[in-house]
Amino acid sequence: MKMKLGDGVEQSIHCVGMLAGLSDGGVLSAAALAEFHGVSVSYLLKHLQALSGAGILDTVPGPKGGYRLARKPEEITLLDIVLAAEGPAPAFRCAEIRQRGPNPLEGRYFAKPCGINAAMLAAERVYRAELAKTSIADVLTDLRQTDTDGGIAARGCAFLELHERKTRN
């Protein structure tokens, strides 16, 4: 089985990671974040707004405004981001198709919850627990350890140097 999360999850995680590199009082515009990641500004804005609504990002209004983290990278988990981007509903949604089709059976045959639904929800609990264990700080630490020649870090730093906006807050 192939589980597929929306593109917004990947974009959201990468944007949160990039915003973790801002200096104190710094922000990045949605346009800058979209440019760096090569994605649509309008699609990304939807996810940045969801991240703001979930308390992961702060939005600074105005022409010099943009986005920054609302919490420390250690306090933001991958689960926080996935739930903000995809919503809290489980990935598997049981539609009780076992009760459809020709010659339907009486309700007594379906008194117990669907075993497939129960198994899928159990797997979802494990998946979410694993995401809850991993913070953005953990992801960035792993990136630093695997960026052996510093190329990834240099690219991000150069981009922040050009696009970071400074605010007083």
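Take -7 as the starting number for the sequence shown in my numbering and just add one per residue.
Yeah, the Cβ is synthetic: ideal placement off N, Cα and C, and Gly gets one too.
On a predicted model such as this, the values are computed, not experimentally measured, just so you know.
Among residues of its own chain, excluding the 5 on either side of residue i, which ones have a beta-carbon nearer than 7 angstroms to its beta-carbon?
i: ALA146; result: none
On a Cα-Cα basis, can you pick out the residue from the options that is closest to residue i?
i: PRO53; options: CYS106, ALA22, LEU(-3), LEU132; result: ALA22
i: GLU207; options: GLY58, GLY17, LEU97, THR69; result: Outside the displayed span of the chain (-7 to 161) sits residue 207, for which this structure offers no information.
i: ALA12; options: ARG60, PRO55, GLU88, GLY0; result: ARG60
i: HIS155; options: PRO65, GLY47, PHE84, GLY58; result: GLY58
i: LEU(-3); options: VAL74, GLU66, GLU27; result: VAL74
i: HIS6; options: GLY148, ALA111, GLY107, THR159; result: GLY148
i: ASP130; options: VAL8, GLU27, GLN3; result: VAL8
So if DSSP puts residue i in a beta bridge, which residue, or which two residues, is it bridged to?
i: TYR59; result: LEU20, THR51
i: SER127; result: THR69
Excluding sequence positions up to five away, which residues of its chain have a Cβ less than 8 angstroms from the Cβ of residue i?
i: ARG136; result: ALA145
i: ALA62; result: SER44, GLY47, ILE48, LEU49, ASP50
Please classify residue i: does DSSP put it in a helix, a strand, or coil?
i: LYS158; result: strand
i: LEU11; result: helix
i: SER32; result: coil
i: ASN109; result: helix
i: THR138; result: helix
i: PHE84; result: coil
i: ALA38; result: Going by the sequence as given, residue 38 is Lys instead of Ala. Helix.
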